[in-house]
Amino acid sequence: MRLYDSLTQEKRPFTPRDGDHVTMYFCGPTVYNYIHLGNARPFVISMVAKRYFESLGYKVTLVENITDVDDRIIQKAIEQGRTSAEVAREFADAYIEDTDRLGLGRPDIEPYATEHMPEIIDLVEKLVAAGHAYQAGSDVYFGVETFEGYGGLSKQQTGEMRHGARITPGEDKADPLDFALWKGAKPGEPSWESPWGPGRPGWHIECSAMSLKYLGPGFDIHGGGRDLIFPHHENEIAQAEGALGGEFVRFWVHNGMLNTKDEKMSKSVGNIFMLREALKEYRPEVLIAYFVGSHYRSPMDFSRELLAEAGQQVGRLRNLFRTLDDYISGGGASSAPGAASPDQPPAASDEEASEAAAASVPAPSGDAELLAAAEARRASFDEALADDLNTAAALGEVFALSREANTALAAGTLSAIGASALRKRIGAMVHILGLDGAAQVADEVPTDVLEMAAQRYTARAARDFAEADRLRAAIVARGFEVRDSADGFKVVPGE
RNA sequence: GGCGACGUGGCCGAGUGGUUUAGGCACGGGUCUGCAAAACCCGCUACACCGGUUCGACUCCGGUCGUCGCCUCCA
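9 is the number of the first residue of the first sequence in our numbering; add one for each residue after it.
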């Protein structure tokens, strides 16, 4: 695989540090609010990357932090007259809940900053001992000039950065660029005991401490949104390498921003769409399809139109899986009146099933051809992902195979075994892209809706089209859709 | 101002120095169909602009214009 590294600004061949074990750290949220769609992007990307690496046979350890102590949390707590811990707890729980609903599983480790004070303090002490950090009052700062190469990730010169930089009143920094590793507690603020008195960590240090704890120095991939390059990741490098004296991270991976009408989706701009709100309107796999539909490094426009388009794409996949399932179960698109298909007597063997499915076609053995096509598509799919995780191109291969599959299914040239194998192959691709939801098409149709459909089938057979149309409308009103076929009908949820 | 990314057909979005329209959505026309849908087929169609390198560039180089991001809130 080749992976783009923001530090060197080039795609380089990626091989894990530890043989077959990939170590990844993605910056998770600071929990002072619900996460929005822009925050969801790196979560989705990290989970898809994990799945891709696993598909290659690697073992993956993905760490995604939850920063639960921070200025913004404290401010929110003050506004709401609550404790910082309460606010953090509420939004951390909400974060887990919301991302759970995406159905992508969870990172392997999700450490909380407040549960890693010993590691954080230890790292700060190391930096002080190494001469990279200094105490000023009850605060501890990182001395930027002590770290050669500061600005290397964000490609900035410290001299340039100093223009316009200010020292906030109350801070006693030696250099305006220096940043806080430890902040002495002010009255009412959450605090932990430390060699410098009670206080709390500055932003950045928790990520360095936790990534090093769980993944060790020189781990493979550190990721997050582009907007974290400076100062967050720049500072992480300074802290970690200042303390280690060696390489912190092998590949820096940054995803593009989500823009609304050419403006970044951001809480300060007020153009945000919360993930939990989005999930009320769209299936999880629709949101995921929207994300994987473009390369992770590209900025994306956010709009309802684009989500609707992703919805159409997911619908296309769902239809394919429905067709496959019907085909495999031997009933084809034909459901006997009065039931969806479970009552359709399954063929005694797969041989028979294939014959039944392809009854009207003389030679039902396009298996080899289509499975070869599937192999070819899978090869291109893997190739796309191997090129800096090009999910958009990979998704294109899924659709191309989709059409090939639909053609064969319509022609009835596959055996049930072949169709089943095909379903597995497409399912595997869809799984890597996080779109499993699109393959789960065992739709639950209420019995009364099913009855209406059966009645309609009867009416239609009797050429009572007025009644048939009335029932169709009634079914649609219930949120379902009837699809007729040559030998029956199918009820599916309205998309 | 500094740094970085990017400008592809009605829209989204991959990709490449000289096979092939990636793919999706939308639209038009078909096949199928009582209607409707699904599916398939056909059609529509591109590489911001100006130079340069080259036998040949959308793909490489330079410039112009435009857009976006970062420059201590930010995924």
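Every residue, glycine too, gets a C-beta built ideally from N, C-alpha and C.
In this text the structure is predicted, and so the values were computed from the model without any measurement.
Under the three-state reduction of DSSP output, H439 falls in the helix class. Inclusion of Y60 and L397 in the CB contact set at 8 Å is warranted, their separation being smaller than that value.
Cα atoms of D183 and F238: separation of roughly 17 Å, rounded to the nearest angstrom. Buried is the label assigned to Q321, since at least 16 other Cβ atoms lie within 10 Å of its Cβ.
Taking all protein chains in view, the Cβ of G233 is crowded by 16 or more other Cβ atoms within 10 Å, so the residue is classified as buried.
Per DSSP, reduced to three states, the secondary structure at A450 is coil, with no helix or strand assignment.
Three or more Cβ pairs closer than 8 Å define a contact, and the segment 109–117 meets that threshold against the segment 53–68.
Counting along the chain, the unbroken beta strand (DSSP E) around N267 starts and ends at 266–268.
A direct Cα-to-Cα measurement between I229 and I128 gives close to 21 Å. According to DSSP, residue pairing for S493 in a beta bridge involves G496.
If you look at M273, you'll find it isn't in any beta strand (DSSP E); DSSP assigns it neither H nor E. Annotated three-state conformation of Y149 is strand, per DSSP. Scanning its chain for C-beta atoms nearer than 7 Å, with the 5 sequence neighbours on each side dropped, one finds around R25 the residues T31, G226, F227, D228, R258, in chain order.
In terms of CA proximity to E377, S423 leads the group S423, A402, P37, T268. Ranked by Cα distance from Y290, the options A446, F473, R97 are led by A446. Take R385, set aside five residues on each side of it, and the residues of its chain with a beta-carbon closer than 7 Å to its own are E405, A408, L409, in chain order. In its chain, beyond the 5 residues on either side, M125 have a beta carbon closer than 6 Å to the beta carbon of W200. A contact between stretches requires three or more CB pairs, one per stretch, nearer than 8 Å, and the segment 93–110 meets this requirement with the segment 288–304. By the criterion of at least three beta-carbon pairs nearer than 8 Å, the segment 245–265 is in contact with the segment 304–316. The segment 210–226 makes contact with the segment 240–252, as at least three CB pairs between them are under 8 Å. In the DSSP assignment, the residues bridged to M32 are L70, I229. V449 and T16 have their C-alpha atoms roughly 44 Å apart.
Counting along the chain, G207 sits inside the beta strand (DSSP E) bounded by residues 207–209. Judged by beta-carbon spacing, A402 lies within the 8 Å limit of L441, meaning their Cβ atoms are closer than that value.
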